Amino acid sequence: MEVTIREAHAGDCAALAALAAATFPLACPPGAATEDVQAFIAENLNEQSFARHVADPVRQVFVAEKVVTSGTGRLLAYSMLVDAPPSDEAVASALAATPTGNTAVELSKCYALPDVHGEGVSARLMQHSLDWISRKGDRAAWLGVNSENLRAQAFYGKHGFSVAGTKTFQLGKRVEHDFVMVRPAKN
């Protein structure tokens, strides 16, 4: 399968919203209420949200796209980086306790469709995202991952992330518990 990784653009926002709707539930713990997951998607991962993200100068959105001969592609995965200090106090505290300080770039999203899991698409997208961070001054990266999402934790661990703290995430009426994982700068 030929896959291209590129910056997302305004024309990708509808496809990004559809991709997020298909992939966000995979990151949620098994006990999460379907209606809460769907409400979160509708409010935070819609086409308008992605239009704001793509246009935001502190965010970088990348897509992994299956190349097809007709000149159009199918989005398989996406990542979003946020180059801004964390607004969550628990994250700031976890980062302050590491050599990174609070200058780390957030890997806010890194999701792939289930039919491409294990095919290297996510690994290529992750490496592309980490390379982008390195070009920003070889800074550390951080992310939040649900404490029950062992598959994602293992994937992030393969890319140099380790648990540095915890934070919470509100999903409907339920408070989820996430690990804050940090990947140190390579310098």
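In case it helps, the numbering used here puts the sequence shown at residues 1040 to 1226.
From the three backbone atoms N, C-alpha and C, an ideal C-beta is built for every residue, glycine too.
Bear in mind that the values here come from a model prediction, so they are computed numbers and not experimental data.
Please state if the CB of Val1214 and the CB of Ala1133 are separated by a distance shorter than 7 angstroms. Taking the C-beta atoms as reference points, Val1214 is found no nearer than 7 angstroms to Ala1133.
Rounded separation between Gln1192 and Gln1087 - CA only: Looking at the two C-alpha atoms, the distance is approximately 29 angstroms.
Nearest-angstrom Cα separation, counted from Ala1151 out to Arg1113: So the alpha carbons of these two residues sit roughly 12 angstroms apart.
Any heavy atom of the ligand MG inside 6 angstroms of the beta-carbon of Cys1052? Because no ligand of any kind appears in the structure shown, any question about the ligand MG cannot be addressed here.
For Ser1201, count the other beta carbons within 10 Å of its own beta carbon; 16 or more makes it buried, fewer makes it exposed. Which is it? Ser1201 comes out exposed.
Every unbroken alpha helix (DSSP H) within the stretch 1120-1156, with a cutoff of 4 residues, ordered by chain: You should have 1128-1135.
Looking only at C-alpha atoms, which of Ala1090, Met1119, His1092, Val1097 sits nearest to Ala1103? For Ala1103, the closest of Ala1090, Met1119, His1092, Val1097 by C-alpha to C-alpha distance is Met1119.
CA-to-CA distance, Ser1147 to Gly1211, given in whole angstroms: Take the alpha-carbon of Gly1211 and the one of Ser1147: they are about 19 angstroms apart.
Limits of the alpha helix (DSSP H) - the one that Val1076 falls within: Taken as a continuous stretch (DSSP letters only), the alpha helix (DSSP H) holding Val1076 covers 1073-1083.
Collapsed DSSP secondary structure at Asp1051 in the structure displayed: It is helical.
To the nearest whole angstrom, what separates the beta carbons of Gly1204 and Ala1136, a pair I think is in contact under 8 angstroms? 7 angstroms between Cβ atoms; contact.
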